[in-house]
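A.B. asks: Note that the numbering used here numbers the sequence shown so that position 37 is 37, with each residue one more than the last. Please see the structure below; I have some questions.
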Amino acid sequence: MNKQLLLDQIKADILDRNICPDLAKQANQLVFGTGDLDAKVVFIGEAPGKNEDLTGEPFVGASGKFLDEMLESVGLARTNIYITNIVKYRPPKNRDPSREEKEAFMPFLYAQLAAIAPSVVVTLGRHSTNCFLPGLQISAIHGQTQKISVEVKSKQYTWTILPLYHPAAALYNGKLRQTLLKDFKIIKQITK
Ligand code: URA
Numbered sequence: 001m002n003k004q005l006l007l008d009q010i011k012a013d014i015l016d017r018n019i020c021p022d023l024a025k026q027a028n029q030l031v032f033g034t035g036d037l038d039a040k041v042v043f044i045g046e047a048p049g050k051n052e053d054l055t056g057e058p059f060v061g062a063s064g065k066f067l068d069e070m071l072e073s074v075g076l077a078r079t080n081i082y083i084t085n086i087v088k089y090r091p092p093k094n095r096d097p098s099r100e101e102k103e104a105f106m107p108f109l110y111a112q113l114a115a116i117a118p119s120v121v122v123t124l125g126r127h128s129t130n131c132f133l134p135g136l137q138i139s140a141i142h143g144q145t146q147k148i149s150v151e152v153k154s155k156q157y158t159w160t161i162l163p164l165y166h167p168a169a170a171l172y173n174g175k176l177r178q179t180l181l182k183d184f185k186i187i188k189q190i191t192k
């Protein structure tokens with residue numbers, strides 16, 4: 001099956017199985033993910049916010065604009081990457097997604113990654129990072145790649161994870177901003 005059909009099937013599965021019905025009820029739509037299905041780099045945020053819920057696309061608000069700047073700083077654009085979130089519906093009032101909500105969506109995210117098969121998975125922020133690297137502090141591991149092995153539908157996959165600070169955390173914090181810009185350069189090095 002081609003990648004687009006696989007991804008369409010995963011999206012349909014989320015809807016058919018009524019994942020996180022309470023979140024689904026109050027959201028405008030499912031924000032599944034966008035970008036190049038052959039991307040070497042997949043970015044994973046936490047959950048959609050207001051703008052994402054309205055447009056159906058991840059990272060279209062203020063942190064998305066900053067993300068675009070950082071991509072440009074390493075010669076990349078949205079069209080070169082794929083981007084999604086752990087949780088695919090906007091949590092009410094932008095609250096943090098709960099552990100149960102993150103766990104409910106993880107199998108679908110794994111399936112998305114298995115379909116796209118990137119060289120590196122960039123986790124943005126502690127929520128996204130801890131779904132792949134549980135118990136580790138983003139402040140200690142940001143900018144350092146780690147390999148993980150995951151079973152998806154009886155097949156074993158090895159993914160390289162690059163944890164980075166969330167753009168929203170760095171937006172108004174000069175020091176974190178510099179750190180994030182520096183960490184971004186690693187993406188270019190490891191996808192050369
Ligand atoms: N923050 C996220 O983690 N994801 C989005 O899509 C937007 C903001």
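Here a beta-carbon is modelled for each residue, glycine too, at the ideal position from N, C-alpha and C. The structure presented is a predicted model; accordingly, all values stated were derived computationally and were not measured.
Where does the unbroken beta strand (DSSP E) through E151 begin, and where does it stop?
C.D. replies: 146-152 is the extent of the beta strand (DSSP E) around E151.
A.B. asks: Does the distance from the CB of N268 to the CB of P58 come in under 8 Å?
C.D. replies: This structure cannot speak to residue 268, because the chain is shown only from 1 to 192.
A.B. asks: CA-CA distance, L180 and I83?
C.D. replies: Looking at the two C-alpha atoms, the distance is approximately 17 Å.
A.B. asks: Nearer than 7 Å: is that true of the beta carbon of G49 relative to any heavy atom of the ligand HEM?
C.D. replies: The ligand HEM is not part of this structure, which contains only the ligand URA.
A.B. asks: G45 by DSSP, collapsed to three states: which one?
C.D. replies: Note: G45 maps to strand in three-state DSSP.
A.B. asks: For the ligand URA, I want to know if P163 counts as a neighbour, meaning its beta carbon is within less than 7 Å of at least one of the ligand's heavy atoms.
C.D. replies: False, no ligand heavy atom lies under 7 Å from that Cβ.
A.B. asks: Kindly indicate which three-state DSSP category T191 falls into: helix, strand or coil?
C.D. replies: In the structure shown, T191 sits in coil (DSSP, three-state: anything other than H, G, I, E or B).
A.B. asks: Is the beta carbon of R78 less than 8 Å from the beta carbon of E52?
C.D. replies: Going by C-beta atoms, R78 is not nearer than 8 Å to E52.
A.B. asks: Between A115, G61, A47, V120, which lies nearest to S128 when the distance is taken from Cα to Cα?
C.D. replies: Of the candidates A115, G61, A47, V120, the one whose C-alpha sits nearest the C-alpha of S128 is A47.
A.B. asks: Starting from I10, trace the alpha helix (DSSP H) in both directions and tell me its first and last residue.
C.D. replies: It spans 3-16 - the alpha helix (DSSP H) in which I10 sits, taken as one unbroken run.
A.B. asks: For G81 and M106, I'd like the C-alpha separation in whole angstroms.
C.D. replies: It should be pointed out that residue 81 corresponds to Ile in this sequence rather than to Gly. I81 and M106: Cα-Cα distance of roughly 20 Å.
A.B. asks: Is DSSP giving P134 helix, strand or coil here?
C.D. replies: Note: P134 maps to coil in three-state DSSP.
A.B. asks: Any idea which residues DSSP pairs P58 with across the strands?
C.D. replies: Answer by DSSP bridge pairing: none, since P58 is not bridged.
A.B. asks: Quick check: the Cα distance between G45 and G125, rounded to an integer number of angstroms?
C.D. replies: Using only the alpha carbons, I get a separation of about 7 Å.
A.B. asks: Going by the C-beta, is P58 closer than 7 Å to any heavy atom of the ligand URA?
C.D. replies: Within the cutoff, so yes.
A.B. asks: Taking all protein chains shown into account, decide if D183 is buried (16 or more other Cβ within 10 angstroms of its Cβ) or exposed.
C.D. replies: That one is buried.
A.B. asks: Please report the straight-line C-alpha distance between N28 and K88, rounded to a whole angstrom.
C.D. replies: Between N28 and K88, the C-alpha separation is close to 11 Å.
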